[in-house]
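Working notes, beginning with the structure itself.
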Amino acid sequence: MADLNYVKIGEVCTIEKGSTGLAKALPGKYPLVTTGAECKTSWDYQFDAEAVCIPLVSSTGHGKKTLNYVHYQEGKFALGSILAALIPKDENTLNARYLHTYLQKNKDRVLVPLMKGAANVSLSVKAISNIEIPLLSIQKQEEILKKIDSISNEQRDLLSESDTQINLFTQLRQAVLQEAIEGKLTAEWRKQNLHLISGENHASKLLKRIQTEKDHLIKEGKIRKDKPLPSITEDEKPFALPDGWAWCRLGECGTVNPRNHIDDDLEVSFSPMKLISGEYGINPRFESRKWHQVKAGFTHFAENDVAIAKITPCFENSKACVFQGLINGYGAGTTELHVLRPIVMHPFFIYIFVKTTAFLRNGEAQMTGACGQKRVPVECFSQAPFPCPPLKEQIAIVERVNVLMKDIDELKQQVSERKEQSELLMQLVLREVFEHSHA
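So for the sequence shown, the numbering used here puts the first residue at 777; every next one is plus one.
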């Protein structure tokens, strides 16, 4: 293999700094190349050529050496004053796209180390001009670009397909959740377990049992007596229930926004909003606190309580959880939660319900407050029409959903791995091109 012929950029390119101030640029019909990923526009142009545009300042600032983008631009364009354009002196000697591909691929190796400065990190035109690049014959450069374009197109198609599949997995998750609360996932289970959905096991009996337990807790002073919830009208029922189920209000399934009455020195869990996930089945993480540190000014919760964010955009992002593994069984956290403490009910079936698109859209439509600070009223939470299955069927539904979600996760992981492998393949191809090509 012949040795590569290396030349300095300054020998084969003219280098000129941009003249357009990005802050004061007047928009127009010409592209304005900036340090960001996308071009802006300008009323005037500075160049009419094929060029490689390199930022002369750090992408992040704050004393850090970083360079996010090296741009290729052709035709008439304006250039920001904190960038430099590299224009090949002879297009029959150096292809601008070849130069761009090389510098973009190797920017962290050949450009970033040349940046200087403590607070204001910058890259000088002189440093750029002294960078050595492998100069192949123009025919070889064009062959390389054709090869890269071919693989790039294949990669683009694969990435597009992967993104489509990942979006479909999101839709599939929602379909699973919706079919769960409509009883469609357990239709066969009901046929085989009629005795578990009828008689004393009917959901209506379960709701009476919950109310009896509530009355007992109220009598003991452990929970407060709330206003009776309105009966559900026919218009509020979005679908027909399977045999053995009953409609109720979500608040009938337990106590809404309960309070803990525990020793001040008890160690408990503390969970700010950032530790609560919007992904299905992700347990919230916790910090440790003494109860006296968090009992005032925060939302209370206990083991197996179900919580959902009430503020935008956390609510729309479906931040919700079942609190499990709490320190000493108790905790407190962000005030931007609605909490339900289930009585007899399976907490994860309630969790499935509040994760459905239908519940989220209904809550979003009823949000109140100023833009950026909108919240779901507690009445929307407690009065949400809730399809209540028999207790044994709740258990079967949760088990079925968990199996399906695991299957979806595994498929999604396979797609993500293929996507990563495709990106790695492109890097390997570029390395092969620039490290092993010869004139």
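Cβ coordinates follow ideal geometry from the N, Cα and C atoms, glycine included.
If you're wondering where the values come from, they're calculated on a predicted model, not measured in any experiment.
Examine chain C for any beta-carbon lying closer than 7 angstroms to the beta-carbon of Gly975, and answer yes or no. In the structure shown, chain C cannot be found, because there is only a single protein chain.
When you compare only the Cα positions, how much space is there between Tyr821 and Ser835? Here residue 821 is taken as the residue at index 45 of the sequence shown, counted from 1. Here residue 835 is taken as the residue at index 59 of the sequence shown, counted from 1. Taking the straight line joining both Cα atoms gives about 24 angstroms.
Integer-rounded CB distance, given that Leu1116 should sit under 8 angstroms from Val1082: Residue 1082 sits at position 306 when you count from the first residue of the sequence shown. Residue 1116 sits at position 340 when you count from the first residue of the sequence shown. With a Cβ gap of about 5 angstroms, Val1082 and Leu1116 count as contacting.
6 angstroms Cβ shell around Val950 - same chain, five flanking residues per side excluded: Indexing the sequence shown from 1 puts residue 950 at position 174. One detail in the question is off: residue 950 reads as Gln in this sequence, not Val. Thr1133.
With H, G and I counted as helix, E and B as strand and the rest as coil, what does DSSP make of Tyr782? Taking the first residue of the sequence shown as position 1, residue 782 is located at position 6. Reduced to three states, the DSSP call for Tyr782 is strand.
Please name the residue, chosen from Met891, Ile1184, Phe1124, Arg932, that lies closest to Glu1169 on a Cα-to-Cα basis. Along the sequence shown, read from residue 1 onward, the residue named residue 1169 stands at position 393. Of the listed residues, the one whose Cα sits closest to Glu1169 is Phe1124.
If I'm right that Leu993 touches Ile999 with Cβ under 8 angstroms, what's the distance once you round it to whole angstroms? By one-based count along the sequence shown, residue 993 stands at place 217. By one-based count along the sequence shown, residue 999 stands at place 223. Right, their Cβ atoms sit about 5 angstroms apart.
Given a threshold of 16 other Cβ atoms within 10 Å of its Cβ, counted over all protein chains shown, does Cys789 qualify as buried or as exposed? If you number the sequence shown from 1, residue 789 lands on position 13. Cys789 should be labelled buried.
Could you pull the DSSP bridge partners for Ile1103 from this structure? For the purposes of this step, residue 1103 is taken as residue 327 along the sequence shown, with counting starting at 1. For Ile1103, which the question treats as bridged, DSSP gives no partner whatsoever.
Could you check whether the segment 1139-1151 touches the segment 929-942, counting it as contact only if at least three pairs of C-beta atoms, one from each stretch, sit closer than 8 angstroms? no
What is the C-beta distance between Trp965 and Pro1161, in whole angstroms, given that I count them as a contact (C-beta under 8 angstroms)? For the purposes of this step, residue 965 is taken as residue 189 along the sequence shown, with counting starting at 1. For the purposes of this step, residue 1161 is taken as residue 385 along the sequence shown, with counting starting at 1. The Cβ separation is near 23 angstroms, so there is no contact.
For Val1229, count the other beta carbons within 10 Å of its own beta carbon; 16 or more makes it buried, fewer makes it exposed. Which is it? Outside the displayed span of the chain (777 to 1215) sits residue 1229, for which this structure offers no information.
Taking 8 angstroms as the cut-off, does the segment 843-853 touch the segment 811-826 (at least 3 CB pairs, one atom from each stretch)? yes
Taking all protein chains shown into account, decide if Ile1087 is buried (16 or more other Cβ within 10 angstroms of its Cβ) or exposed. Mapped onto the sequence shown, residue 1087 falls at position 311. Under this definition Ile1087 is a buried residue.
Pick out the complete alpha helix (DSSP H) segments inside the segment 1063-1124, 4 residues or longer, and give them in chain order. 1067-1070
Candidates Ala895, Ala963, Val846, Cys1164: closest to Pro1118 by CA position: Reading the sequence shown from its first residue, position 342 is the one you call residue 1118. Residue Cys1164 is the option with its Cα nearest to Pro1118.
Take every Cβ of the segment 881-898, pair it with every Cβ of the segment 804-823, and state whether three or more of those distances are shorter than 8 angstroms. no
Considering only the alpha carbon of each residue, which of Met1121, Ala1096, Thr962 lies closest to Leu1113? Your numbering for residue 1113 matches position 337 in the sequence shown. Answer by Cα proximity: Ala1096.
Would you please state the rounded distance, in angstroms, between the beta carbons of Ser1094 and Lys1050? I believe it to be under 8 angstroms. Residue numbering aside, residue 1094 sits at position 318 when the sequence shown is read from its first letter. Residue numbering aside, residue 1050 sits at position 274 when the sequence shown is read from its first letter. Wrong, their Cβ atoms sit about 15 angstroms apart, outside the cutoff.
What residues in its chain sit with their C-beta under 6 angstroms from that of Trp1067, if we drop five residues either side in the sequence? Taking the sequence shown and counting its residues from 1, the one referred to as residue 1067 is at position 291. Taken in chain order, the residues that qualify are Ile1038, Asp1040, Leu1042, Val1044.
How would you write the range of the beta strand (DSSP E) that Ile909 sits in, first residue to last? The residue given as residue 909 occupies position 133 in the sequence shown. Looking at the DSSP string, the run of the beta strand (DSSP E) that includes Ile909 is 908-910.
Any alpha helix (DSSP H) of 4 or more consecutive residues that is wholly inside the segment 930-973: 963-968
Entirely within the segment 855-915 and at least 4 residues each: give me those alpha helix (DSSP H) ranges in chain order. 872-886, 901-905
Residue of Glu976, Asn1036, His847 minimising C-alpha distance to Lys1071: For the purposes of this step, residue 1071 is taken as residue 295 along the sequence shown, with counting starting at 1. Among Glu976, Asn1036, His847, the Cα nearest to that of Lys1071 is on Asn1036.
Kindly list the residues whose CB is nearer than 7 angstroms to the CB of Ser938, restricted to its own chain and excluding five residues on each side of it in sequence; keep chain order. By one-based count along the sequence shown, residue 938 stands at place 162. If we look at Ser938 and ignore the five residues flanking it on each side, its Cβ neighbours are Val1191, Arg1194, Lys1195.
Buried versus exposed, by CB contacts within 10 Å (16 or more), Gly975: Within the sequence shown, the letter at position 199 stands for residue 975. Classification for Gly975: exposed.
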